[in-house]
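Here the structure comes first, spelled out in structure tokens, and everything after it is commentary.
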Amino acid sequence: MRTFWLFFCNEWKYVLRNPLFFAILILTPILLLTVSLLFIPSERVLETVKAGIYNEDQSIVGRYLVNFFVSFLKEDNLFQVKSREEAARLLDEGKIDALLVIPRGFTAMMLVNKPTELIYVPSGASLLESVTIYKLLKMVLAEIQYGAIIEIDLGERMWPSPDVPVPQLKIEGIFNNRLDYPDVMAPGVLAFVILSTMLIGITTSVSREKDRGLIDAFRVTNANRWSFVFGKFSAYSFLGLIQTLILLFGSVWFFDIHVEGSLLLVGLFLILGMLSYLSLGLLISILSPNGDVSLGIAVGIVFLMFLGGGVFFPISQMPAIMQKIAPFLPITVLTESLRKIMITGRPIDQQWRELAISFGFLFSFLSASLISFKRSTR
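The opening residue of the sequence shown carries number 1 in the working numbering; numbering runs sequentially from there.
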């Protein structure tokens with residue numbers, strides 16, 4: 001019993017002698033609970049989703065059908081667009097999350113009981129919302145069954161008809177992807193798994209050396225500081241490269257994740273993100289007074305990545321403050337870039353901005369790490 005109290009008291013002395021570590025232990029659960037509750041989607045999340053509808057069928061019945069659909073919805077989340085050019089601009093800017101096109105001759109085909117299809121165009125700027133709308137439309141059409149499709153006559157009456165086939169949804173602009181949830185979630189999961197493991201790994205490694213007194217030894221020796229930093233960075237970079245290749249090819253070959261664009265471009269963005277978070281882990285461990293504090297900060301950042309990076313929750317459904325912060329997080333930039341490549345097949349000439357931002361994160365974090373390490377070992 002005496003030994004028990006000895007260890008108990010020693011541990012509490014250690015905690016109380018590290019006020020920052022003590023604050024992290026007390027405040028972190030409260031912050032995690034608060035943030036988690038804020039990120040739980042409300043029952044009215046579909047109010048934030050906006051879809052455009054473009055009617056190529058300019059017949060009298062076609063215009064009537066579109067007006068009926070738009071006026072039927074009570075929420076202001078479905079509106080008409082005037083042209084394909086306007087629709088493309090709105091999709092690219094993320095002002096609408098999807099476009100539903102009623103093709104020319106749609107109602108004429110319905111009136112003669114022939115198969116019809118609606119064209120669905122997802123937004124590359126808000127793919128999570130696009131998939132939500134797509135799944136909702138698929139579910140509605142699947143539930144309709146043949147007997148629920150209306151038959152329109154000029155007497156302004158609508159009758160259920162078992163002879164009218166249910167319209168099918170045709171995805172435009174995507175050839176190898178099915179807009180399934182595994183496909184749209186895979187880019188974010190890949191980014192989250194690789195970045196979180198690398199961040200915690202290098203933070204733990206450098207903090208362990210600091211707690212052993214190795215960092216302090218640089219103040220009294222002529223040992224090359226850059227060799228230590230780049231040695232750690234290179235070792236974990238090689239480990240991260242192996243992990244990236246295994247996860248990337250494993251997700252494609254074993255989990256049947258469809259990639260619309262270039263695998264090389266996907267790998268490039270994953271490696272840039274991995275190097276950026278390795279640099280951030282270096283910076284955290286160098287600036288933190290001990291390993292407990294650095295690990296607590298790293299876990300907090302991982303949790304922020306999980307909730308605030310647009311990996312699992314659409315940014316449009318986050319609290320207002322997080323909608324302003326999320327676009328500036330490295331995980332958000334990486335996740336959105338991967339989705340655009342893997343789902344919509346964007347080539348590299350449409351990703352220069354994202355590449356520049358990724359290189360900017362890497363340069364900023366690595367430079368700050370080197371400068372901080374040099375100052376801390378003077």
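The beta-carbon is built from N, C-alpha and C at its ideal position, and this holds for glycine as well.
Mind checking residue i: buried by the 16 CB within 10 Å criterion, or exposed?
| i | result |
| --- | --- |
| Y181 | exposed |
| K135 | exposed |
| R375 | exposed |
| K210 | buried |
| A217 | exposed |
| S288 | buried |
| D292 | buried |
| G213 | exposed |
| S234 | exposed |
| L128 | buried |
| I246 | exposed |
| G308 | buried |
| S367 | exposed |
| S403 | Because the chain spans 1 through 378 in this model, residue 403 falls outside it and cannot be assessed. |
Relative to the C-alpha of residue i, which residue among the options is closest?
| i | options | result |
| --- | --- | --- |
| S358 | S337, G345 and G173 | S337 |
| S59 | I284, L270 and L111 | L111 |
| L334 | Q317, R375, L179 and M305 | M305 |
| P167 | Q317, K138 and P187 | K138 |
| G188 | F254, L270, S234 and F255 | L270 |
| A208 | T332, N290 and Y120 | The sequence as given places Arg at residue 208; Ala does not occur at that position. It is N290 whose Cα lies nearest to the Cα of R208. |
| F361 | D183, G281 and Q323 | G281 |
| I286 | S130, S196 and I215 | I215 |
| T204 | V121, D256, Y236 and L268 | Y236 |
| K232 | L370, R63 and P330 | L370 |
| L91 | S130, P330 and I315 | S130 |
| L169 | S227, K324, S196 and V101 | V101 |
| R346 | R378, G250, S123 and T377 | S123 |
| D256 | I315, D183, T244 and L268 | D183 |
| L268 | R63, R378, I348 and F254 | I348 |
Are residue i and residue j closer than 9 Å when you measure CB to CB?
| i | j | result |
| --- | --- | --- |
| G173 | S126 | no |
| I202 | V302 | no |
| V49 | I171 | no |
| V206 | S294 | yes |
| A51 | A88 | no |
| L248 | V266 | yes |
| A326 | G310 | yes |
| F312 | M185 | yes |
| F373 | R225 | yes |
| F365 | L283 | yes |
| I331 | Q323 | no |
Could you check what DSSP says for residue i in three-state terms: helix, strand or coil?
| i | result |
| --- | --- |
| P327 | helix |
| G281 | helix |
| A191 | helix |
| F312 | coil |
| P182 | helix |
| K95 | coil |
| P129 | The sequence shown places Glu at residue 129, rather than the Pro named in the question. Residue state, collapsed to three classes: helix. |
| V259 | coil |
| G124 | coil |
| I398 | With the chain covering only 1 through 378, there is no way to say anything about residue 398. |
| R157 | Because R157 carries a pLDDT of 49, less than 50, the predicted location of this residue cannot be relied on, and the following value inherits that uncertainty. If DSSP states are grouped into helix, strand and coil, R157 belongs with coil. |
| G345 | coil |
| V49 | coil |
| K170 | strand |
| E56 | coil |
| Q317 | helix |
| F254 | coil |
| F373 | helix |
| F363 | helix |
| V293 | helix |
| Q350 | helix |
| F218 | coil |
| V101 | strand |
Three or more C-beta pairs below 8 Å linking the segment 191-203 and the segment 353-370
Contact check between the segment 191-203 and the segment 353-370: fewer than three CB pairs, one atom from each, fall below 8 Å, which does not count as touching.
Quick test of the definition: if touching needs 3 or more C-beta pairs under 8 Å, does the segment 295-306 touch the segment 101-121?
Touching, no.
Three Cβ pairs or more, each shorter than 8 Å: is that satisfied between the segment 78-94 and the segment 102-114?
Remark: fewer than three beta-carbon pairs, one from each stretch, lie closer than 8 Å, so the segment 78-94 and the segment 102-114 are not flagged as touching.
Tell me, please, whether the segment 337-347 touches the segment 256-263 by the rule of three or more beta-carbon pairs shorter than 8 Å.
Between the segment 337-347 and the segment 256-263 there are three or more inter-stretch CB-CB distances shorter than 8 Å, so the stretches are counted as touching.
Cβ contact check for the segment 84-99 and the segment 49-58: 3 or more pairs under 8 Å
Contact between the segment 84-99 and the segment 49-58 is present: 3 or more CB-CB pairs across the two stretches fall below 8 Å.
Flag this pair as touching only if the segment 266-283 and the segment 231-250 have three or more C-beta atom pairs under 8 Å; answer yes or no.
Yes, since at least three Cβ pairs between the segment 266-283 and the segment 231-250 fall closer than 8 Å, the two stretches touch.
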